[in-house]
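With the sequence shown counted from 1, adding 121 to any position gets you the working numbering.
Backbone N, C-alpha and C fix where the C-beta goes; we use that ideal spot for every residue, glycine too.
One structure is given here, and the rest of the page talks about it.
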Amino acid sequence: MSAHQPNLAPYAVGIRGRCPRCGEGHLFQGFLKLRPECEVCGLDYSYADPADGPAFFAITFACLPSAFFAVWLEAAYTAPYWVHLFTTLPLLLLTCIPPLRPLKGWLVASQYHHKAGEGRLVRKDEAEAHSVWLDIKSQTTS
């Protein structure tokens, strides 16, 4: 592992299921289960918590069009249930399940890229000290 890590775009490594730091190691162990760490650079994936994000995007961009297709099919042709079983159900499964892995990879890589972490409470005096430091820094750079 080199001392300098490449600056990789989250979508580029995420959709391929690669490590967001080195771009070479695998992100997944199985279909959606994250590995404990990257086998190439050793990045600990315990920071990653995409929660229900991939499911939300899959539902929004895949399930809704599939549901609209089912409603259209029913309204236009009054299709029997077996037609829905052989058209709508496969369409729903094919548009919802395959995108879950790339979406989860993208969200995990975005968390790494943007240094996302748990929120923490800061005391008022710490916040004021940080604010003063930012003011001094902005004055020296301008």
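Straight across, the Cα-Cα distance linking H147 with E239 is about 24 Å.
Within 10 angstroms of the beta-carbon of L164 lie 16 or more other beta-carbons, which makes it buried. If you keep only unbroken alpha helix (DSSP H) runs of at least 4 residues inside the stretch 123-200, you get 131-135, 174-179 and 185-198. The beta carbon of Y132 lies closer than 7 Å to those of W227 in the same chain, with the five residues before and after it left out.
For K154, the closest alpha carbon among the candidates R241, L242 and L224 is that of L224. Between P141 and H234 the beta-carbon gap is near 6 Å, inside 8 Å, which marks them as a contact. Per DSSP, reduced to three states, the secondary structure at E239 is coil, with no helix or strand assignment.
Non-local beta-carbon contacts of F149 in its own chain, meaning distances under 6 Å to residues more than five positions away in sequence, involve G138 in chain order. Residue range L221 to H234 is occupied by the alpha helix (DSSP H) that includes R222. Rounded to the nearest whole angstrom, the CA to CA distance from W193 to Y166 is 43 Å.
T209 and F178 do not touch by the CB rule: their CB atoms are close to 20 Å apart, not below 8 Å.
Nearest to L221 by C-alpha distance, out of Q232, A248, L206 and F182, is F182.
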